[in-house]
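Visitor: These protein sequences, in sequence, are chains A and B. Residues in the first sequence are numbered consecutively from 1, following this note's numbering. Residues in the second sequence are numbered consecutively from 1, following this note's numbering.
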Amino acid sequence: MAVVLDKSHRWRVVLAHIAIIGFICLIMFPFLMIFSISIRPGNFATGSIIPQYISMEHWALAFGFSYQGTDGTLMEPQFPVLLWLWNSVKVALLSALIGVVLSTTSAYAFARMKFMFKKSMMNGLLLIQMFPTVLALVAIYTIFDRIGSYIPWLGIESHGGLVLAYTGGIAVHIWTIKGYFETIPVEIEEAAKVDGATAFQAFRYVILPVIVPILMVVFLLAFISGINEYPVASIMLKSTDNLTLAVGVKNYLYPQKYLWGDFAAAAILSGLPITVVFLFAQKWMISGLTAGGVKG
Amino acid sequence: MSRSLEKIGQQLVSAAAVLFGLYVVAIIYMAGEFMLALVCLAVLAFGVFVYTSSRAYSYRYLFPGLLATLVFVVFPIVYTFAISFTNYSSRHLLSFERATQYFLDQTYMIEGGQSYDFTLHRDGHAFRVRLEDEQGEVFVSPPLAPYKGPIIVDANSPDAGDAALAEPVDTKVLISYLPNLKLVSFRLPNGHLLSVTGLRQYGAVSKLYKENADGSLTNQQDNSVLTPNMNTGFFETSSGEQLTPGYTTQVGWSQYTKIFSDESFSQPFFRIFMWTVIFAGLTVLFAFSVGIVLAVLMEWEALRGRAFYQTMFFIPYTVPAFISILIFKGLFNQNTGEINQILEMLFGLHPSWFSTPILAKSMLLIVNTWLGFPYMMVVSMGLIKAIPPDLYEASAIAGAGPLTNFFRITLPLIVKPIMPLLIASFAFNFNNVMLIILLTGGRPDFLDTKVPAGTTDLLVSFTYRIAFEDSGANFGLAAAISTILFLMVTVLSLINMRLTKVNAQEAR
Chain A
1 MAVVLDKSHR
11 WRVVLAHIAI
21 IGFICLIMFP
31 FLMIFSISIR
41 PGNFATGSII
51 PQYISMEHWA
61 LAFGFSYQGT
71 DGTLMEPQFP
81 VLLWLWNSVK
91 VALLSALIGV
101 VLSTTSAYAF
111 ARMKFMFKKS
121 MMNGLLLIQM
131 FPTVLALVAI
141 YTIFDRIGSY
151 IPWLGIESHG
161 GLVLAYTGGI
171 AVHIWTIKGY
181 FETIPVEIEE
191 AAKVDGATAF
201 QAFRYVILPV
211 IVPILMVVFL
221 LAFISGINEY
231 PVASIMLKST
241 DNLTLAVGVK
251 NYLYPQKYLW
261 GDFAAAAILS
271 GLPITVVFLF
281 AQKWMISGLT
291 AGGVKG
Chain B
1 MSRSLEKIGQ
11 QLVSAAAVLF
21 GLYVVAIIYM
31 AGEFMLALVC
41 LAVLAFGVFV
51 YTSSRAYSYR
61 YLFPGLLATL
71 VFVVFPIVYT
81 FAISFTNYSS
91 RHLLSFERAT
101 QYFLDQTYMI
111 EGGQSYDFTL
121 HRDGHAFRVR
131 LEDEQGEVFV
141 SPPLAPYKGP
151 IIVDANSPDA
161 GDAALAEPVD
171 TKVLISYLPN
181 LKLVSFRLPN
191 GHLLSVTGLR
201 QYGAVSKLYK
211 ENADGSLTNQ
221 QDNSVLTPNM
231 NTGFFETSSG
241 EQLTPGYTTQ
251 VGWSQYTKIF
261 SDESFSQPFF
271 RIFMWTVIFA
281 GLTVLFAFSV
291 GIVLAVLMEW
301 EALRGRAFYQ
311 TMFFIPYTVP
321 AFISILIFKG
331 LFNQNTGEIN
341 QILEMLFGLH
351 PSWFSTPILA
361 KSMLLIVNTW
371 LGFPYMMVVS
381 MGLIKAIPPD
391 LYEASAIAGA
401 GPLTNFFRIT
411 LPLIVKPIMP
421 LLIASFAFNF
431 NNVMLIILLT
441 GGRPDFLDTK
451 VPAGTTDLLV
461 SFTYRIAFED
471 SGANFGLAAA
481 ISTILFLMVT
491 VLSLINMRLT
501 KVNAQEAR
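1) Does the stretch 487-501 of chain B come into contact with the stretch 418-431 of chain B, if we say contact requires no fewer than three beta-carbon pairs (one atom in each stretch) closer than 8 Å?
2) Are there 16 or more other CB atoms within 10 angstroms of the CB of F34/B, so buried, or fewer, so exposed?
3) By the 10 Å Cβ neighbour count, where 16 or more other Cβ atoms means buried, how is R10/A classified, buried or exposed?
4) Would you report the Cα separation of G188/A and W300/B, rounded to the nearest angstrom?
5) For Y375/B, which beta-bridge partners are listed by DSSP?
6) Applying the 10 Å Cβ sphere with the 16-neighbour rule, what's the burial state of E6/B?
7) Is L331/B closer than 8 Å to G337/B when the C-beta atoms are compared?
8) Taking the C-alpha atoms as reference points, what is the distance between V21/A and K119/A?
9) Can you name the start and end residues of the alpha helix (DSSP H) that P231/A belongs to?
10) Check the Cβ of A479/B against every Cβ in chain A and list those closer than 8 Å, keeping chain order.
11) In whole angstroms, what is the alpha-carbon distance linking H17/A and P51/A?
12) Which same chain residues end up closer than 6 Å to S84/B when comparing Cβ atoms and leaving out the 5 residues on each side of it in sequence?
13) What residue from F273/B, F96/B, S493/B has the CA that sits closest to P245/B's CA?
14) I'd like to confirm the pairing. Which residues does DSSP put opposite S206/B in its beta bridges?
15) May I ask you to verify whether the stretch 439-454 of chain B touches the stretch 356-371 of chain B, counting CB pairs closer than 8 Å and requiring at least 3?
16) What residue range is occupied by the uninterrupted beta strand (DSSP E) comprising T119/B?
17) State buried or exposed for C40/B, treating a residue as buried only when at least 16 other CB atoms are found within 10 Å of its CB.
18) Quick check: L275/A and V378/B, are their CB atoms within less than 8 Å of each other?
19) Less than 8 Å between the CB atoms is what I'm expecting for Q114/B and A204/B, so what's the real figure, rounded?
20) Output, in chain order, the set of chain A residues within a Cβ distance shorter than 8 Å of N431/B.
21) Establish whether the CB of M1/A and some CB of chain B are separated by less than 8 Å.
22) My understanding is that T86/B touches V251/B, with C-beta atoms under 8 Å, so please give their C-beta distance in whole angstroms.
23) Under DSSP, the beta strand (DSSP E) around T195/B begins and ends at which residues?
24) From D133/B to T171/B, what distance separates their C-alpha atoms?
25) Quick check on W253/B: buried or exposed, where buried means 16 or more other Cβ atoms within 10 Å of its Cβ?
26) Given S157/B, which residues of its chain have a CB within under 8 Å of its CB, disregarding the five upstream and five downstream residues?
27) With 8 Å as the limit, tell me which residues of the stretch 429-462 of chain B have their beta carbon closer than that to any beta carbon of chain A; keep them in chain order.
28) Could you tell me which uninterrupted alpha helix (DSSP H) segments, each at least 4 residues in length, are contained entirely in the stretch 337-388 of chain B, listed from first to last along the chain?
29) Does DSSP put Y254/A in a helix, in a strand, or in coil?
30) Below 7 Å on C-beta distance, what does S103/A contact in chain E?
31) Applying a beta-carbon distance threshold of less than 9 Å, which residues of chain A neighbour T490/B?
32) How is N509/B classed by DSSP in three states: helix, strand or coil?
33) Do I323/B and A202/A have their C-beta atoms within less than 8 Å of each other?
34) In the DSSP assignment, what are the bridge partners of N156/B?
35) Hey, which unbroken runs of the alpha helix (DSSP H) at 4 residues or more fall wholly within the stretch 256-317 of chain B?
36) Go to S66/A, then tell me how far its alpha helix (DSSP H) extends in each direction, as first and last residue.
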């Protein structure tokens, strides 16, 4: 921009920097606090905000080791955090995989083929994907309760059941993948068909390799939403060893048994890898988020 | 050659899949779920049609996704509607058949009947029971494995040639097997039925109820009659006394009339509804305000280090929400929380965040704005990028300041395209059950309600608490409220689709 910059402009830039840094300090405050709490001895240590002593007790407990306190008492880990993390990852990976596999071909059909009721099906799908799963919690609980009385590994208190329940996100996936198919020129398949490929071969060997990026994005989105899901997991899983992370960590903060320090270490230990995955996927996520919203 | 082999292989796999499907249908049918078996059979038949008929070729691609959508999304929604017309709750948990069976399984001790001392004997991995009546006559059961369900076993007098029983087990072992023995009844050669009546005693018992042709049950002991009342979902005596367990029945619209006309439900319902709207509205307003200001800053070219700032601003969005919400829960804690420590130090304040309604509400809004502004920032940035830069050049030439630019150019130009996202965000926060349950649990509670209801409850956390935290577990009522919420979300979504379509047309 060829505009003359005056002195007030420079001040504004400096002011903006100060305001932004101040704001960053404000939003980072919870994370700085939680880190300081995790290396501060004891679960009730009130007083100073910057710890005077550094203690690794909470970290040892979070990793599942027992810890010998300075006064000789032996502390045992209260909760299996790493097991919870593993449960979460397992359920989220499986449900993301199933979601992608089930939605890809449908998205292809919606983007490319002509068939009866296409328009109304698409509108229905658009409407359905806006319904939050929490509204059907009662039904989900009842359904899995009844399934469980015949097939225990798909019922309440099973990870198999939870994976199935998470498959409900599929409407969103179909919609996202369909949007990507529409950006791919039809000529690619037509060329393959001219070369003698059947419709399915064109899909399998020509189209599928091209859409791997969007499948990765959808997989990642589904994985992250699986890790972050709370309501369904909270009604399906009850026994301590079975919980996912989202349901488990809140056990640290019961008023009767308030383990603030142990929680801090467990929260960082389990939250950090997920955050790193998320940050790593940030670019894709942002394009996915905006594309999905604006195109509709 | 290999192609035809491949084809045969494919056909074999398909045949196996169909056979497996039929097997599953058969299992479901055997389990007594006739309707479900029928639906599964229909799905299977449709699947076979789709994958064999060339006319349904596109449906081959659609089938997996559509089936999954129907089973995992549409069916739970429809089932929620169905439950909302029943009295399904912890007092009406069983189906009518199972409740009837429960009463038919009840027994009573025959008065003046014999009692039998018994001992338990190991026989390999199984056990045998030895019964001896008051006259010294002995009966012995066949070897029993620990059964799971109720069972009736014949016990006979031992033959002379039988191997002698092992030593009786000691009391500790006996006690550990008592729950199993409670499920076992013995039938003696004379037809008498025996059940456990004490730690070392079996007694003659008889079934308490007999089923009549009209579905009512006659008490064999005092000849009173229990009639099933399909309106209340209970078996009732002639004086109207209700016997537990009740069973699930259709109750029509009564859950809905309860919500809207029963004062003790409608009062909290409308208060919670108001707060839900305020909460969702203010959340969107705050998050959007913070988000767009940051977005404008992040698009300001004179500012260096924007990429770094942007990453920092995005971090609250990347940390799993269930962790950051709990971190805030601890930080806001009244006595040990760090936020109150700082407030105490600086201003001598000691607010009780969790027990004062207005403070609890502010806390929710603060936390939710913190969670939500990065998303608003990112989408606003995308939209600001699309504004033609010559507009700003023109306004700079006209001598306009940054505030004028913001309110006259930026805001008016992105309000329209961002509207659908704001509505979607409103709908999401309208149903943000995780935030409420993890942070305040809906508390502090109203004191004047029958069902648990809190000042910070959203409608959706209200249903969550009714169904899963209250001991009454009133699934029917929760499903009715969920159904109302479904309608609200549908209206919001339809408005949203309409707006998106209008925007898309204008963009062309």
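We put the beta carbon where it would ideally sit given N, CA and C, even for glycine.
Guide: Quick answer:
1) yes
2) Counting from 1 along the second sequence, the entry for residue 34/B is found at position 34. Result: exposed.
3) Within the first sequence, numbered from 1, the residue matching residue 10/A stands at position 10. Per the 10 Å Cβ criterion, exposed.
4) Reading the first sequence from its first residue, position 188 is the one you call residue 188/A. Reading the second sequence from its first residue, position 300 is the one you call residue 300/B. According to the sequence shown, residue 188/A is Ile rather than Gly. Each residue's alpha carbon lies about 41 Å from the other.
5) Along the second sequence, read from residue 1 onward, the residue named residue 375/B stands at position 375. Its beta-bridge partners do not exist; DSSP assigns none.
6) The residue you call residue 6/B lines up with position 6 of the second sequence. Classification of E6/B: exposed, given that the 10 Å Cβ count is below 16.
7) Residue 337/B sits at position 337 when you count from the first residue of the second sequence. Residue 331/B sits at position 331 when you count from the first residue of the second sequence. Yes. Within cutoff.
8) What you label residue 21/A is simply residue 21 of the first sequence in a count that begins at 1. What you label residue 119/A is simply residue 119 of the first sequence in a count that begins at 1. According to the sequence as given, residue 21/A is Ile; it is not Val. Their backbone Cα atoms lie some 50 Å apart in a straight line.
9) One-based indexing of the first sequence puts residue 231/A at position 231. Its alpha helix (DSSP H) spans residues 231-236.
10) Working through the second sequence from its first residue, we reach residue 479/B at position 479. What A479/B touches in chain A: V138, A139.
11) Here residue 17/A refers to the residue found at position 17 of the first sequence. Here residue 51/A refers to the residue found at position 51 of the first sequence. A straight line joining the alpha-carbon of H17/A with that of P51/A spans about 30 Å.
12) Here residue 84/B is taken as the residue at index 84 of the second sequence, counted from 1. Q255, A479, A480, T483, listed in sequence order.
13) Position 245 of the second sequence, counted from the start, is the residue given in the question as residue 245/B. Closest option to P245/B, Cα to Cα, is F96/B.
14) As a first step, residue 206/B is located in the second sequence; it is residue number 206 there, counting from the start. In the DSSP assignment, the residues bridged to S206/B are Y108/B.
15) yes
16) Residue numbering aside, residue 119/B sits at position 119 when the second sequence is read from its first letter. It spans 115-123 - the beta strand (DSSP E) in which T119/B sits, taken as one unbroken run.
17) For the purposes of this step, residue 40/B is identified with residue 40 of the second sequence, where counting begins at 1. By the neighbour-count rule (16 or more Cβ atoms within 10 Å), C40/B is buried.
18) Locating residue 275/A in the first sequence gives position 275, counting from the first residue. Locating residue 378/B in the second sequence gives position 378, counting from the first residue. At residue 275/A the sequence reads Thr, which differs from the Leu that was named. No, these two residues do not count as a Cβ contact at 8 Å.
19) On the second sequence, position 114 is the one that residue 114/B refers to. On the second sequence, position 204 is the one that residue 204/B refers to. With 8 Å as the limit, Q114/B and A204/B qualify as a contact, their Cβ atoms being about 6 Å apart.
20) Here residue 431/B refers to the residue found at position 431 of the second sequence. Under the 8 Å cutoff, chain A gives P132, V134, L135.
21) By 1-based counting over the first sequence, the position of residue 1/A is 1. Low per-residue confidence applies at M1/A: pLDDT is 45, beneath 50, and the placement is therefore not dependable, though the value from the model is reported in the following sentence. Closer than 8 Å to some Cβ of chain B, the Cβ of M1/A qualifies, so yes.
22) Taking the second sequence and counting its residues from 1, the one referred to as residue 86/B is at position 86. Taking the second sequence and counting its residues from 1, the one referred to as residue 251/B is at position 251. The Cβ separation is near 6 Å, so the contact holds.
23) In the second sequence, residue 195/B corresponds to position 195, counting from 1. This sequence places Ser at residue 195/B; Thr is not what is there. Per DSSP, S195/B belongs to the beta strand (DSSP E) from 193-196.
24) To locate residue 133/B, count along the second sequence from 1; it is residue 133. To locate residue 171/B, count along the second sequence from 1; it is residue 171. If you take the alpha carbons of D133/B and T171/B, they lie about 20 Å apart.
25) For the purposes of this step, residue 253/B is identified with residue 253 of the second sequence, where counting begins at 1. So W253/B counts as exposed.
26) Numbered from its first residue, the second sequence carries residue 157/B at position 157. E137, V138, F139, V140, P189, listed in sequence order.
27) N431, V433, M434, I437, L438, V460
28) You should have 338-347, 357-385.
29) Start at 1 with the first residue of the first sequence, and residue 254/A comes out as number 254. It is a strand residue.
30) Checking the listed chains, one finds no chain E in this structure; the protein chains it contains are A and B.
31) In the second sequence, residue 490/B corresponds to position 490, counting from 1. Chain A residues near T490/B: L127, M130, F131.
32) No answer is possible for residue 509/B: it lies beyond the span of chain B, which begins at 1 and ends at 508.
33) As a first step, residue 323/B is located in the second sequence; it is residue number 323 there, counting from the start. As a first step, residue 202/A is located in the first sequence; it is residue number 202 there, counting from the start. With contacts defined by Cβ atoms closer than 8 Å, I323/B and A202/A do not form a contacting pair.
34) Position 156 of the second sequence, counted from the first residue, corresponds to residue 156/B. Answer by DSSP bridge pairing, in chain order: V140/B.
35) 263-298
36) Here residue 66/A refers to the residue found at position 66 of the first sequence. In the DSSP assignment, S66/A falls outside any alpha helix (DSSP H), carrying neither H nor E.
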